[in-house]
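Take a look at the structure below.
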Amino acid sequence: MPNSGAGGGTPRAPGSPPQAPAPAKPQGIDLNEILQTAIKYGASDIHIKAGLPPIFRIDGQLFPYKEVPRLNPDIVNKMAFGIMTKAQQEKFKEAGEADLAYGVPGLGRFRVNIFQQRGTVGIVLRVIPFGVKTIEELFLPPIIAKLAMENRGLILVTGTTGSGKSTTLAAMIDLINATRTCHIVTIEDPIEFLHRDKRSIVNQREIGFDTKGFAIALRAALRQDPDV
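Everything in the sequence shown is counted per our numbering, starting at -13 for the first residue and increasing by one.
This is the structure in structure tokens:
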């Protein structure tokens, strides 16, 4: 179980006995094992930084996963380059950062940002929930569904980090997909939620894989008979 804070005790249910710390694992631990543990404890984000053990964000708080020792720069570098394609590696070397999606069969999908800081590599992974929740399941106001049914117009979904922008947009797209006969084109960096064709046709384009950039993809979308 992750520990609370840099030197705090292990979070546990009220009244339960303290847990003895688990022995540190060797530096050979791979990223998928860390992600599996993060999912087990309900983490929304995973931070990988040289000099620290993996850090999980659970219910808004950061917890170090102290069953893993402090990660050295070579291990973090290996993790980062191990999940990037050649093209993403080149982009990272040139720009110092890269966005991508990473999937683990049987576990889940993750939105990933890899970046450089103080000469070392850092990784932050956001857990992408399985499936797309409906507007009702997200407890969003009915006006959101009404907006999704508009035939014309520009809808801006804004908010702070972790406020639910991606899940809100996914719910709106899923509603359109399930109730209208439309051609939906998304331009994403990276693709997070996967949409299957229902009543609509959904084409999801990812920057760096399916198109070079947002501007090019947006111009092209105008020639693709789009409805949304």
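Ideal placement from N, C-alpha and C gives every residue a C-beta, glycine not left out.
Check	Outcome
Burial state of M135 (16 or more Cβ within 10 Å)	exposed
F67, DSSP secondary structure in three states	helix
Assigned secondary structure, D31 (DSSP; H/G/I helix, E/B strand, else coil)	strand
Host beta strand (DSSP E) of A84 (start-end)	83 to 90
Cβ shell of A6 (< 6 Å), same chain only, five flanking positions each side left out	With a pLDDT of only 35 at A6, under 50, the local geometry of the prediction cannot be trusted, and the value read off the model is given with reservation. Here the set comprises nothing.
For Q190, the first and last residue of its enclosing beta strand (DSSP E)	187 to 192
Span of the alpha helix (DSSP H), counted from its first residue to its last, around T197	Careful: T197 lies outside any alpha helix (DSSP H) and carries neither H nor E.
R95, DSSP secondary structure in three states	strand
Per DSSP, cross-strand counterpart(s) of R169	The question names Arg, yet the displayed sequence has His at residue 169. Paired residues: I187.
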